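Note that our numbering has the sequence shown beginning at 8, numbered continuously upward. To keep things clear, I will list the structure first and then write my remarks on it.
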Amino acid sequence: MVDQNSSSSWLKCLNSMSGMVVRNDHGGAAVEVGGEEGYAVRNARKKELVEVPWEGAPTMAHLFEQSCEKYNHNPFLGTRKLLQKEFVSSSDGRRFEKVHLGDYEWKTYKEVFACVCNFASGIIKLGHSVDSRVAIFSDTRAEWLIALQGCFRQNLTVVTIYATLGEDALVHSLNETEVSTLICESKLLRKLDAIRSRLVSIKNVIYFEDDSSDEDGFSGSLSNCTVASFSEVEKLGKENPVESNLPSKNAIAVIMYTSGSTGLPKGVMITHGNMVATTTAVMTVIPNLGSKDVYMAYLPLAHVFEMAAESVMLTAGCAIGYSSILTLTDSSSKIKKGTRGDANVLKPTLLAAVPAIIDRIRDGVVKKVEDKGGLVKNLFHFAYQCRLSAVRGSWLGAWGLEKLVWETIVFKKIRAALGGQLRYMLCGGAPLSKESQHFINICMGATIGQAYGLTETFAGAAFSEWYDHKVGRVGPPLPCSYIKLVSWEEGGYLTSDQPMPRGEIVVGGFSVTAGYFKNQEKTDEVFKVDENGMRWFYTGDIGQFHSDGCLEIIDRKKDIVKLQHGEYVSLGKVEAALSSCDYVDNIMVYADPFYNYCVALVVASYESLERWAQQAGIEYKDFPDMCNKHETVTQVLQSLSKVS
Numbered sequence: 008m009v010d011q012n013s014s015s016s017w018l019k020c021l022n023s024m025s026g027m028v029v030r031n032d033h034g035g036a037a038v039e040v041g042g043e044e045g046y047a048v049r050n051a052r053k054k055e056l057v058e059v060p061w062e063g064a065p066t067m068a069h070l071f072e073q074s075c076e077k078y079n080h081n082p083f084l085g086t087r088k089l090l091q092k093e094f095v096s097s098s099d100g101r102r103f104e105k106v107h108l109g110d111y112e113w114k115t116y117k118e119v120f121a122c123v124c125n126f127a128s129g130i131i132k133l134g135h136s137v138d139s140r141v142a143i144f145s146d147t148r149a150e151w152l153i154a155l156q157g158c159f160r161q162n163l164t165v166v167t168i169y170a171t172l173g174e175d176a177l178v179h180s181l182n183e184t185e186v187s188t189l190i191c192e193s194k195l196l197r198k199l200d201a202i203r204s205r206l207v208s209i210k211n212v213i214y215f216e217d218d219s220s221d222e223d224g225f226s227g228s229l230s231n232c233t234v235a236s237f238s239e240v241e242k243l244g245k246e247n248p249v250e251s252n253l254p255s256k257n258a259i260a261v262i263m264y265t266s267g268s269t270g271l272p273k274g275v276m277i278t279h280g281n282m283v284a285t286t287t288a289v290m291t292v293i294p295n296l297g298s299k300d301v302y303m304a305y306l307p308l309a310h311v312f313e314m315a316a317e318s319v320m321l322t323a324g325c326a327i328g329y330s331s332i333l334t335l336t337d338s339s340s341k342i343k344k345g346t347r348g349d350a351n352v353l354k355p356t357l358l359a360a361v362p363a364i365i366d367r368i369r370d371g372v373v374k375k376v377e378d379k380g381g382l383v384k385n386l387f388h389f390a391y392q393c394r395l396s397a398v399r400g401s402w403l404g405a406w407g408l409e410k411l412v413w414e415t416i417v418f419k420k421i422r423a424a425l426g427g428q429l430r431y432m433l434c435g436g437a438p439l440s441k442e443s444q445h446f447i448n449i450c451m452g453a454t455i456g457q458a459y460g461l462t463e464t465f466a467g468a469a470f471s472e473w474y475d476h477k478v479g480r481v482g483p484p485l486p487c488s489y490i491k492l493v494s495w496e497e498g499g500y501l502t503s504d505q506p507m508p509r510g511e512i513v514v515g516g517f518s519v520t521a522g523y524f525k526n527q528e529k530t531d532e533v534f535k536v537d538e539n540g541m542r543w544f545y546t547g548d549i550g551q552f553h554s555d556g557c558l559e560i561i562d563r564k565k566d567i568v569k570l571q572h573g574e575y576v577s578l579g580k581v582e583a584a585l586s587s588c589d590y591v592d593n594i595m596v597y598a599d600p601f602y603n604y605c606v607a608l609v610v611a612s613y614e615s616l617e618r619w620a621q622q623a624g625i626e627y628k629d630f631p632d633m634c635n636k637h638e639t640v641t642q643v644l645q646s647l648s649k650v651s
């Protein structure tokens with residue numbers, strides 16, 4: 008590997024052909040790498056890829072222990088205690104659960120490490136074999152992370168499974184990985200009981216206790232299984248300590264099942280080295296990250312984005328407060344009226360979000376402003392436009408006193424919805440619209456770091472710089488990765504394209520995982536090892552590099568379909584365009600090569616249609632009745648035609 012100054016002549020020629028001038032002071036820099044020919048870029052700050060945050064931390068088990076020693080008295084994991092639960096009925100007879108939650112109760116790094124050691128000993132004493140795997144099947148919570156780190160201390164591979172996974176996919180994941188111990192929430196025990204006869208290897212079940220009994224809970228026993236609560240396993244380990252068995256960096260830490268777009272989920276084998284590399288790299292790009300930060304955790308820990316985010320936070324000594332999408336804000340669906348949501352209590356400085364959640368927050372704020380109308384509405388839109396002009400480089404709205412006025416009388420109340428202290432938001436999982444990015448920058452006063460990564464790279468690929476306000480980009484490669492564009496001639500994306508090289512995105516480096524569990528054919532198809540021994544993952548995404556070495560995702564190979572008359576159509580682009588329609592909650596576009604048109608399956612937005620129906624004087628019994636009305640179909644079709 009050499010830096011840009013010693014790049015080969017063909018690479019310099021390619022730079023010249025494409026009109027690229029890659030700067031060395033920030034962003035990305037061109038680099039020569041092995042493997043298939045293409046246009047490769049590294050992070051400009053690091054000439055060599057980073058692998059560990061400090062010496063002596065090759066695995067997550069080592070890193071976690073050292074972090075707990077360093078920040079031992081700092082608050083680490085926080086959870087709100089349930090004070091009251093009730094059910095309310097809507098006008099159509101549906102019942103909704105509402106909760107009243109107390110303040111956050113915290114465990115320090117020292118206390119959490121003790122819990123981890125106890126659980127690590129307890130799971131072995133319970134009868135789990137060190138040669139078999141553990142699965143975690145639960146929503147995100149503090150015990151999830153404790154169980155994960157406990158398994159790491161005994162070099163146990165953890166299989167992660169979404170709590171929302173269907174029965175067939177759940178059975179497939181557990182049987183394929185031959186899991187012998189399953190960790191789950193008590194409310195999921197009944198679901199487990201229903202499929203027990205189909206599970207071939209489960210011997211132990213450990214369940215997380217809930218604050219109160221749940222009507223969907225389960226108090227019986229499971230045939231041929233040892234069943235114990237999480238606290239019982241901790242107590243067992245505390246009374247019967249077992250020596251730790253720390254892993255190596257190449258040991259498989261996690262088998263993470265991806266939902267995929269078709270068929271059964273695939274299990275991605277993630278090593279400890281992969282996890283540490285991404286964690287190390289992300290820590291270098293979040294500004295002023297440290298023990299004074301408070302991170303709100305509510306996304307699924309079974310997803311690579313949240314697991315990577317929490318790994319970064321614990322390494323930096325941050326406090327992590329747990330939440331859920333149903334209790335996030337004062338207006339969240341599960342929060343009892345008159346009580347505070349999690350963000351208002353926790354007041355996080357850091358938050359991770361997928362674009363759909365950011366869009367939901369933005370839509371909620373805009374709706375409240377529109378409902379108030381009058382002076383409030385006009386003042387908000389005027390202030391927003393002034394600040395938007397400033398973000399785009401205008402002097403309007405950028406003057407210090409003027410900015411302070413808008414912050415005080417307009418945006419301060421909006422920021423209170425997320426606690427008022429938010430300074431940085433990590434965004435990943437899908438492309439973020441420019442409207443939502445500007446909204447977070449202006450209304451929430453927070454910087455957005457847009458990330459690009461996959462389960463197959465443990466989320467580590469690209470990450471935008473904190474000062475980069477340009478929309479539609481995901482930044483330069485993370486310091487743990489190289490990103491290479493490889494020409495895809497069939498789709499018309501070439502590295503010789505001008506003004507920017509384009510092609511399939513291929514990620515190489517320490518974050519690239521070991522492949523798919525028991526699926527060598529698929530592994531060989533998308534994972535490659537070059538002549539230097541570096542692993543590369545072919546993402547199937549199409550990207551282009553800007554002049555500063557920042558990546559932009561522009562398409563996906565699987566989304567390109569040739570219609571009957573020979574025209575290529577990008578289904579992803581069609582979906583993105585139609586998704587901007589106010590009446591669309593979710594959408595899927597499908598194309599068949601034997602036809603000359605696409606079809607779209609639309610999930611309508613209840614709130615938007617309800618608002619339109621009231622204004623139009625449309626009477627209806629319920630939502631399905633509204634959707635079936637000719638006037639509704641016509642309105643949605645006209646709106647879709649307009650945005651397309």
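By construction, the Cβ of each residue, glycine as well, lies at the ideal position given by its N, Cα and C atoms. Just so it is clear, the structure is predicted and the values come from calculations on it, not from any experiment.
### Query
Looking at C-beta atoms only, is the number of pairs between the stretch 39-52 and the stretch 474-492 that lie closer than 8 Å three or more?
Three or more beta-carbon pairs drawn from the stretch 39-52 and the stretch 474-492 are found closer than 8 Å, and the two stretches are therefore classed as touching.
### Query
In terms of residue numbering, what span does the beta strand (DSSP E) encompassing LEU433 cover?
Taking the sequence shown and counting its residues from 1, the one referred to as residue 433 is at position 426. From DSSP, the beta strand (DSSP E) with LEU433 extends over 431-434.
### ARG542: first and last residue of the uninterrupted beta strand (DSSP E) it sits in
Here the question's residue 542 lines up with position 535 in the sequence shown. Taken as a continuous stretch (DSSP letters only), the beta strand (DSSP E) holding ARG542 covers 542-552.
### Buried versus exposed call for ALA201 [16 or more other C-beta atoms within 10 Å across all chains shown]
If you number the sequence shown from 1, residue 201 lands on position 194. Burial state of ALA201 is exposed, judged by a 10 Å Cβ sphere holding fewer than 16 other Cβ atoms.
### Message
According to DSSP, is GLY426 part of a helix, a strand, or is it coil?
### Response
By one-based count along the sequence shown, residue 426 stands at place 419. In this structure, GLY426 counts as coil in the three-state DSSP scheme.
### Within the stretch 270-313, ranges of the beta strand (DSSP E) (whole runs, at least 3 residues)
273-278, 301-304, all fully within the stretch 270-313.
### Query
When you compare only the Cα positions, how much space is there between GLU657 and SER330?
In the structure as shown, the chain starts at 8 and stops at 651, and residue 657 therefore has no counterpart that could be examined.
### Task
Pick out whichever of LEU439, GLY371, SER298 has its Cα sitting closest to the Cα of PRO362.
Translated into positions along the sequence shown, residue 362 becomes position 355. Looking at the Cα atoms, LEU439 is the closest of the given residues.
### Message
On the criterion of 16 or more Cβ atoms from any shown chain inside 10 Å, does ALA623 qualify as buried, or is it exposed?
### Response
Position 616 of the sequence shown, counted from the first residue, corresponds to residue 623. Exposed, because fewer than 16 other Cβ atoms sit within 10 Å of the Cβ of ALA623.
#### Entry: Terminal residues of the beta strand (DSSP E) in which ILE143 lies
Position 136 of the sequence shown, counted from the first residue, corresponds to residue 143. Bounds of the beta strand (DSSP E) holding ILE143 are 140-144.
### Message
What ranges does the beta strand (DSSP E) occupy inside the stretch 599-624, keeping only unbroken runs of at least 3 residues that lie completely in it?
### Response
Counting only runs of 3 or more residues that sit fully inside the stretch 599-624, the beta strand (DSSP E) segments are 605-611, in chain order.
### Query
Which residues bound the beta strand (DSSP E) around GLU192?
Start at 1 with the first residue of the sequence shown, and residue 192 comes out as number 185. Segment 186-192, the beta strand (DSSP E) holding GLU192.
### Message
My output table needs one value for GLN642: the three-state DSSP class, helix, strand or coil.
### Response
Within the sequence shown, residue 642 is the residue found at index 635, counting from 1. Three-state result, GLN642: helix.
#### Entry: Span separating the alpha-carbon of LEU425 from that of THR336
Residue numbering aside, residue 425 sits at position 418 when the sequence shown is read from its first letter. Residue numbering aside, residue 336 sits at position 329 when the sequence shown is read from its first letter. Rounded to whole angstroms, LEU425 to THR336 spans 7 Å at the Cα level.
#### Entry: Extent of the continuous alpha helix (DSSP H) run through ASN635
On the sequence shown, position 628 is the one that residue 635 refers to. Per DSSP, the unbroken alpha helix (DSSP H) holding ASN635 starts and ends at 630-635.
### Task
Tell me whether HIS80 is buried or exposed, calling it buried when 16 or more other Cβ atoms sit within 10 Å of its Cβ.
Residue mapping note: residue 80 aligns to position 73 of the sequence shown, counting from 1. Burial call: exposed.
### Query
If you drop the 5 nearest sequence neighbours on each side, which residues of the same chain put their C-beta closer than 7 Å to that of LYS132?
Here residue 132 is taken as the residue at index 125 of the sequence shown, counted from 1. Here the set comprises LEU243, GLY244, ASN247, VAL249.
### Query
Mapping DSSP to helix, strand and coil, what is PRO484?
Position 477 of the sequence shown, counted from the start, is the residue given in the question as residue 484. Looking at PRO484 - three-state DSSP - the assignment turns out to be strand.
### Message
Once DSSP output is grouped into helix, strand and coil, what is the label at SER577?
### Response
Translated into positions along the sequence shown, residue 577 becomes position 570. In this structure, SER577 counts as strand in the three-state DSSP scheme.
#### Entry: Among VAL178, ILE213, THR464, ALA258, nearest to HIS69 - alpha-carbon criterion
For this step, residue 69 is matched to residue 62 along the sequence shown. Check the Cα spacing between HIS69 and each of VAL178, ILE213, THR464, ALA258: the tightest is with ALA258.
### Task
Throw me the rounded Cβ distance for the PHE126 and GLU241 pair, which I believe falls under 8 Å.
Against the sequence shown, residue 126 aligns to sequence position 119. Against the sequence shown, residue 241 aligns to sequence position 234. Right, their Cβ atoms sit about 5 Å apart.
### Query
Residue range of the alpha helix (DSSP H) that ALA359 falls in?
Numbered from its first residue, the sequence shown carries residue 359 at position 352. ALA359 -> not in any alpha helix (DSSP H); beta strand (DSSP E) instead, spanning 357-360.
### Task
Could you tell me the distance, in whole angstroms, from the CA atom of GLU638 to the CA atom of ILE327?
In the sequence shown, residue 638 corresponds to position 631, counting from 1. In the sequence shown, residue 327 corresponds to position 320, counting from 1. Within the model, the alpha-carbon separation for GLU638 versus ILE327 is close to 48 Å.
### Task
Answer yes or no: do VAL609 and VAL643 have a C-beta to C-beta separation smaller than 9 Å?
Locating residue 609 in the sequence shown gives position 602, where the first residue counts as 1. Locating residue 643 in the sequence shown gives position 636, where the first residue counts as 1. Yes. Within cutoff.
### Message
Going by the DSSP bridge assignment, what does TYR500 pair with across the sheet?
### Response
By one-based count along the sequence shown, residue 500 stands at place 493. Its beta-bridge partners are TRP495.
### Message
If I follow the unbroken beta strand (DSSP E) through ASN50, where does it start and stop?
### Response
Against the sequence shown, residue 50 aligns to sequence position 43. Taken as a continuous stretch (DSSP letters only), the beta strand (DSSP E) holding ASN50 covers 46-50.
### Query
What runs of the beta strand (DSSP E), each 3 residues or longer, lie entirely inside the stretch 57-135?
You should have 82-96, 102-115.
### Query
Quick one: what does DSSP say ASN526 is sitting in, helix, strand or coil?
As a working mapping, residue 526 is identified with position 519 in the sequence shown. Note: ASN526 maps to coil in three-state DSSP.
### DSSP-derived helix/strand/coil call for THR464
Position 457 of the sequence shown, counted from the start, is the residue given in the question as residue 464. THR464 sits in a helix when the DSSP states are folded into three classes.
### Task
Could you have a look at TYR169 and say whether DSSP puts it in helix, strand or coil?
Along the sequence shown, read from residue 1 onward, the residue named residue 169 stands at position 162. Correct three-state label for TYR169: coil.
### Query
What residue from VAL166, GLU472, SER340, ILE368 has the CA that sits closest to SER443's CA?
As a first step, residue 443 is located in the sequence shown; it is residue number 436 there, counting from the start. Looking at VAL166, GLU472, SER340, ILE368, the one whose alpha-carbon comes closest to that of SER443 is ILE368.
### Residue burial classification, MET451 (beta-carbon count within 10 angstroms, cutoff 16)
By one-based count along the sequence shown, residue 451 stands at place 444. Around the CB of MET451, 16 or more other CB atoms lie within 10 Å, so the residue is classed as buried.
### Query
Within the chosen definition, does the stretch 522-530 reach the stretch 545-556 through at least 3 CB pairs nearer than 8 Å?
The stretch 545-556 and the stretch 522-530 do not touch, with fewer than three beta-carbon pairs separated by less than 8 Å.
#### Entry: Best match in THR66, MET507, VAL536 for proximity to THR164 [C-alpha to C-alpha]
For the purposes of this step, residue 164 is identified with residue 157 of the sequence shown, where counting begins at 1. Considering only THR66, MET507, VAL536, the residue with the shortest C-alpha distance to THR164 is THR66.
### Task
Determine the burial state of PRO484: buried for a count of at least 16 other Cβ atoms within 10 Å of its Cβ, exposed for fewer.
For the purposes of this step, residue 484 is identified with residue 477 of the sequence shown, where counting begins at 1. By the C-beta density criterion, PRO484 is buried, having at least 16 other C-beta atoms within 10 angstroms.
### Task
Locate the beta strand (DSSP E) running through ASP562, then write down its first and last residues.
Looking up residue 562 in the sequence shown gives position 555. DSSP places ASP562 in the uninterrupted beta strand (DSSP E) bounded by 558-563.
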